[in-house]
Amino acid sequence: MKNQIFATGYRPLPPEDARARGPWAGWPIARTALLLAWRRTGTKIVLMLCASVVFAVGVALVVQVLAENAAQQLAEGQPIAASMMRGIIGEIQETFAVFLRVQFFFCAVALAVIAGGLIADDRHAGALELYFSRPLTPRAYALGKLLAAAAVPAITIVAPFVLLWLMAVGIAPPALRAQMYGLLLPGLGGALLATLVLSATVVGISAHGERRRTVGVIFVVLLLALSAVGEGVAEAGFALAGYLSPTRDLQTVVDSLLGVGVGGFAAQLLELRSGTVNDSAWLSAGALALMTLAGLGALAARLRQEVVG
């Protein structure tokens, strides 16, 4: 038992006086979980996959910005050619919306590998009873695990979105740059919403499992199943079923926040957006909020069951 607990990453508590001056317990819990995850090869592989999405979108943004600059120069003498060029390259905000949707799925795979064992490993080691026999509150434990899970979408979705926006703004001509200033906060809102949904649900599932791999598989399969069922039934004519799909809900909210209009040629060709949005962004946001609350509720229920006294 001692070796299992040590491998999980926890250490004996310091004396009472030192503990009173020590940091909040959630920080070392989150830091330890991330350090242990970083040692696994799978973590580096899934993060590289997420980085490849960022690179591809970055290239697309550079091409769009340069093409938009050329279209603005053509607009003075050849307005028809400029309009055709804009129709082919699509909108800048559309590319940001596609990035958030695609990275949502890749981040889910990364979370399955990195965060699947956040609580499942503790349960498998039989360590929860020992942890909570010390002055560790369930709230600090839960928040520490949630912070560790949220760090993954923060690194793969939130931070890359900001970097992509800064890059696009930096190379954009003045007229286009002024239009892009209004995309930062709405895009950040969509990225943070994706972070909340993914981190809460993976921790909630992990709280009811005992094997990291099993939790990861369940998490990804559940995401794919909900998306497939929601998309399929919605396309069959039952529009309300579309709110069951997390990816569809996120795309609906992000499109609304970013003000995405008619899709450009590239996005329609890849079928990333065409016909895959719900009627109401508010209902989609509510559906994502319910998924987040379901994950947090699953975590709270497990801790109430595990913690005695």
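Numbering (the numbering used here), first residue to last: 164 to 472.
The beta carbon of each residue, even a glycine, is placed where N, CA and C say it ideally should be.
Everything numeric in this text was worked out from a predicted model, so none of it was measured.
Each of A397, N441, T455 and L451 was checked against the Cα of V366, and the nearest Cα belongs to T455.
Taking 8 Å as the cut-off, the Cβ atoms of R203 and D284 do not count as close. Note that the C-beta distance between N441 and T410 is not below 8 Å. The criterion of a C-beta distance shorter than 8 Å is satisfied by A354 and I320.
Separation of the CB atoms of C213 and L361 is rounded to 12 Å, and the pair is thereby denied contact status at 8 Å. The beta carbon of A275 lies closer than 6 Å to those of G379, F382 and V383 in the same chain, with the five residues before and after it left out. DSSP, reduced to helix, strand and coil, places G367 within a helical segment of the structure shown. With a threshold of 16 other beta carbon atoms within 10 Å, R302 falls short and is exposed. Contact between G458 and A363 holds, since their C-beta atoms are separated by about 4 Å, short of 8 Å. For I277, the enclosing alpha helix (DSSP H) covers residues I255 to I277.
Between the C-alpha atoms of S408 and A341 there is a straight-line separation of about 34 Å. One Cα belongs to I282, the other to P337, and the distance between them is close to 49 Å.
No Cβ-Cβ contact shorter than 8 Å links E231 with H287. Within the same chain, Cβ atoms closer than 6 Å to the Cβ of L291 are found at D285 and E469, the five residues on either side in sequence being excluded. Straight through space, the alpha carbons of L199 and G400 are spaced by roughly 46 Å. In terms of Cα proximity to K207, the closest of A273, V225 and L263 is A273.
Here I282 carries a coil assignment [DSSP, helix/strand/coil]. A260 and V423 have their C-alpha atoms spaced approximately 8 Å apart. About 7 Å separates the beta carbon of L346 from that of W328, a gap short enough to meet the 8 Å contact definition. DSSP places S447 in the helix class (H, G or I) of the three-state scheme. Pairing L462 with Y406 gives a Cβ-Cβ distance that is not under 8 Å.
Sequence-distant Cβ neighbours of A193 in its own chain, meaning closer than 6 Å and more than five residues away, are G307, L310 and A311. With fewer than 16 other Cβ atoms from the protein chains shown falling within 10 Å of its own Cβ, P298 counts as exposed.
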